[in-house]
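Numbering (our numbering), first residue to last: 279 to 790.
So, in structure tokens, the structure goes:
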């Protein structure tokens, strides 16, 4: 196979089995047996190392030793990525010798542009393999790999394209998500944990791993200010919950998360058969527990301090997807329900900061990046806010947005509270509809009513006057401030009123 770098003599697998199994700690503190069929490196990462070892054409013990080095010192997701990329390379060998110059030339040629970065990941592992002194890497292969200029992983495709399916949310969509989360939680369509997770991502743009790692002690109040002390993620050579950064939040989110925290206390108190969680345990409880684990093991403080009782990151993503499906918020861009995931909220935070004129360093700080190499995409791909919305534009977009969630009624007689004059909603000149709620509402009528499920607009109500007023106010604010971001604050309301007008026209049969 050619000349190899200086190497240690490998220990044969049979010899190792006679010596007994070897164990090590993963970076996140999990005990791993070198020869196990699977390596559980964290609550999220469980590597099928045995399955890969069986298809690996080289020395499988050396393979395990190299990956074990990474497992001890790197994030579990990085180890997983290395193994997956190496497996991809191995499956394309087609008779070529492992780690030979020919195999890498062929592999490089086989990768299309979106996957060109795969070779870069394999190169990282091969170089470390050689540095550790293990045999099998020819010197000419290292020379070749050093000489290759490999294009990095494409960054920010969803942001660059402003993709309505995967990219950042518009202001109208974001308002819809926040309003729907609040409404669906109040009406029990969403559970407490679903609502808390959705609002946390919407208002902070953090990564799933950071939210998963939260403990009750990470909710911090300083006077009248509220913070989440987020564990940092993707920090090199840093273990789980070893570095933190405080993020300021609004009181509404603080109250929701405290409700979640109290729910968690009740859960664990019940599992531990106690009325009150001991003070030394309280702060260590996970804010979002793994409900598939036996919570009573929290009696062991070391277990409680680990990640074992925290919700897996993938389950967080699934919860957010499910919440999005339950809320069924319609995008004004596509006319389809929004697909929600943690990344979209992160993209939205970065995009909004760039649109406000913030520089790369400020955006990197807000997104908790260690450098600016991944934030340039936000500055270079600013989305356009609709500069001018007239009635024609609003009416054209209304059927797509479907923001109005109430029911248009023929007249006051059909209203839920038709016999109650106090239920009438006026625009100052005439009544536009009825309120179907018996509770107190502090919203600004009639404008805010158009996004409320309890609003029952009358078929012949002066809705076009409301729309004209909103559009005129938008233009006035734009001319006064010169700031489209401020002027567009009520765009969702404009689409909601337009939606009502559209439905009234359809009901009357006078066209769309």
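The beta carbon of each residue, even a glycine, is placed where N, CA and C say it ideally should be.
Quick caveat: nothing in here was measured; it's all calculated off a predicted structure.
* What span of residues does the alpha helix (DSSP H) with residue 620 cover, start to end? -> Translated into the one-based positions of the chain shown, residue 620 becomes position 342. Unbroken alpha helix (DSSP H) run through residue 620: 620 to 633.
* Asked: If you measure from the CB of residue 719, is any heavy atom of the ligand MN nearer than 7 Å?
  -> As for the ligand MN, it is missing from this structure, which has no ligand bound.
* Asked: Skipping 5 residues on each side, what residues in its chain have a beta carbon closer than 8 Å to that of residue 631?
  -> By one-based count along the chain shown, residue 631 stands at place 353. Annotation for residue 631: 640, 641, 644, 656 place their beta carbon closer than 8 Å to its own, counting only its chain and skipping 5 residues before and after.
* To do: Can you grab the Cα-Cα spacing for the pair residue 346 / residue 550, in whole Å?
  => Mapped onto the chain shown, residue 346 falls at position 68. Mapped onto the chain shown, residue 550 falls at position 272. Their backbone Cα atoms lie some 36 Å apart in a straight line.
* **Under 8 Å between C-beta atoms of residue 794 and residue 724** => Nothing about residue 794 can be reported from this structure: the residues present for the chain run from 279 to 790 only.
* To do: Compute the Euclidean distance between the alpha carbons of residue 743 and residue 612, then round it to the nearest angstrom.
  => Counting from 1 along the chain shown, the entry for residue 743 is found at position 465. Counting from 1 along the chain shown, the entry for residue 612 is found at position 334. Each residue's alpha carbon lies about 27 Å from the other.
* **Residue(s) in a DSSP beta bridge with residue 506** => Translated into the one-based positions of the chain shown, residue 506 becomes position 228. Residue 506 is bridged to 497, 525.
* Uninterrupted beta strand (DSSP E) stretches inside the region 308 to 340 (no shorter than 3 residues) -> 309 to 311
* Collapsed DSSP secondary structure at residue 287 in the structure displayed -> For this step, residue 287 is matched to residue 9 along the chain shown. Here the model assigns residue 287 a pLDDT of 33, short of 50, so the residue's position is not dependable, and the following value carries that caveat. Coil at residue 287, not helix or strand.
* Proximal residues to residue 778 (C-beta, below 7 Å), its chain only, five neighbours per side dropped -> Within the chain shown, the letter at position 500 stands for residue 778. The residues are 682, 686, 728, 735, 741.
* **Those runs of the alpha helix (DSSP H) which lie wholly inside the region 391 to 427 and span at least 4 residues** => 396 to 409, 417 to 425
* CB contact below 8 Å: residue 481 versus chain C -> No chain C appears in the structure shown, which is made up of a single protein chain.
* To do: Would you list the one or two residues that DSSP bridges to residue 588?
  => The sequence position of residue 588 within the chain shown is 310, counting from 1. Note: residue 588 sits in a beta bridge opposite 567.
* To do: Taking only the alpha-carbon atoms, compute the straight-line gap between residue 371 and residue 667 and give it to the nearest angstrom.
  => Counting from 1 along the chain shown, the entry for residue 371 is found at position 93. Counting from 1 along the chain shown, the entry for residue 667 is found at position 389. One C-alpha to the other measures close to 58 Å.
* Asked: Which residues bound the alpha helix (DSSP H) around residue 671?
  -> Here residue 671 is taken as the residue at index 393 of the chain shown, counted from 1. Its alpha helix (DSSP H) spans residues 669 to 679.
* Asked: Excluding the five sequence neighbours on either side, which residues of its own chain have a C-beta within less than 7 Å of the C-beta of residue 598, listed in chain order?
  -> Counting from 1 along the chain shown, the entry for residue 598 is found at position 320. Counting only Cβ-Cβ distances below 7 Å, and skipping sequence neighbours, we find 475, 476, 479, 618, 619, 620.
* Would you give the residue range spanned by the alpha helix (DSSP H) that residue 358 belongs to? => Stepping through the chain shown from its first residue, residue 358 is reached at position 80. Its alpha helix (DSSP H) spans residues 354 to 369.
* Three-state secondary structure (DSSP) at residue 736? -> Walking along the chain shown from the start, residue 736 turns up at place 458. Three-state DSSP puts residue 736 in a strand.
* DSSP three-state call for residue 484: helix, strand or coil? -> As a first step, residue 484 must be located in the chain shown, where it is residue number 206. When DSSP states are grouped into helix, strand and coil, residue 484 belongs to the coil group.
* **Per-residue DSSP class, three states only, for residue 602** => Here residue 602 refers to the residue found at position 324 of the chain shown. The answer is helix: DSSP assigns residue 602 an H, G or I state.
* Alpha carbon to alpha carbon, how far is residue 755 from residue 356? Give it in angstroms, no decimals. => Position 78 of the chain shown, counted from the start, is the residue given in the question as residue 356. Position 477 of the chain shown, counted from the start, is the residue given in the question as residue 755. Roughly 49 Å separates the two Cα atoms.
* Going by C-alpha distance, which of 423, 547, 604, 553 is nearest residue 463? -> Counted from its first residue, the chain shown places residue 463 at position 185. When only C-alpha atoms are compared, the closest one is 604.
* To do: Reducing DSSP to helix, strand and coil, say where residue 727 ends up.
  => Here the question's residue 727 lines up with position 449 in the chain shown. Looking at residue 727 - three-state DSSP - the assignment turns out to be helix.
* If you draw a straight line from the C-alpha of residue 713 to the C-alpha of residue 526, how long is it? -> The residue given as residue 713 occupies position 435 in the chain shown. The residue given as residue 526 occupies position 248 in the chain shown. One C-alpha to the other measures close to 36 Å.
* Could you give the distance in angstroms between the alpha-carbon of residue 595 and the alpha-carbon of residue 486? -> Sequence index remark: in the chain shown, residue 595 carries index 317 (1-based). Sequence index remark: in the chain shown, residue 486 carries index 208 (1-based). For residue 595 and residue 486, the distance between alpha carbons rounds to 7 Å.
* Measure the beta-carbon distance from residue 329 to residue 312 and round it to whole angstroms, keeping in mind my assumption that it falls under 8 Å. => What you label residue 329 is simply residue 51 of the chain shown in a count that begins at 1. What you label residue 312 is simply residue 34 of the chain shown in a count that begins at 1. Contact doesn't hold; Cβ gap of about 16 Å is too wide.
* **Contact check, residue 494 vs residue 544, beta carbons under 8 Å** => Here residue 494 refers to the residue found at position 216 of the chain shown. Here residue 544 refers to the residue found at position 266 of the chain shown. Going by C-beta atoms, residue 494 is not nearer than 8 Å to residue 544.
* To do: Count the other C-beta atoms from every protein chain shown that fall within 10 angstroms of the C-beta of residue 602, then say buried if there are 16 or more, exposed otherwise.
  => On the chain shown, residue 602 is found 324 positions in, with the first residue counted as 1. Buried is the call here.
* Strand pairing of residue 713, partner residues [DSSP] -> Residue mapping note: residue 713 aligns to position 435 of the chain shown, counting from 1. Paired residue(s): 733.
* Could you tell me which residues DSSP pairs with residue 446 in its beta bridges? => For the purposes of this step, residue 446 is taken as residue 168 along the chain shown, with counting starting at 1. Paired residue(s): none; residue 446 is not in a bridge.
* Consult DSSP for residue 702 and reduce its assignment to one of helix, strand or coil. => Start at 1 with the first residue of the chain shown, and residue 702 comes out as number 424. Correct three-state label for residue 702: strand.
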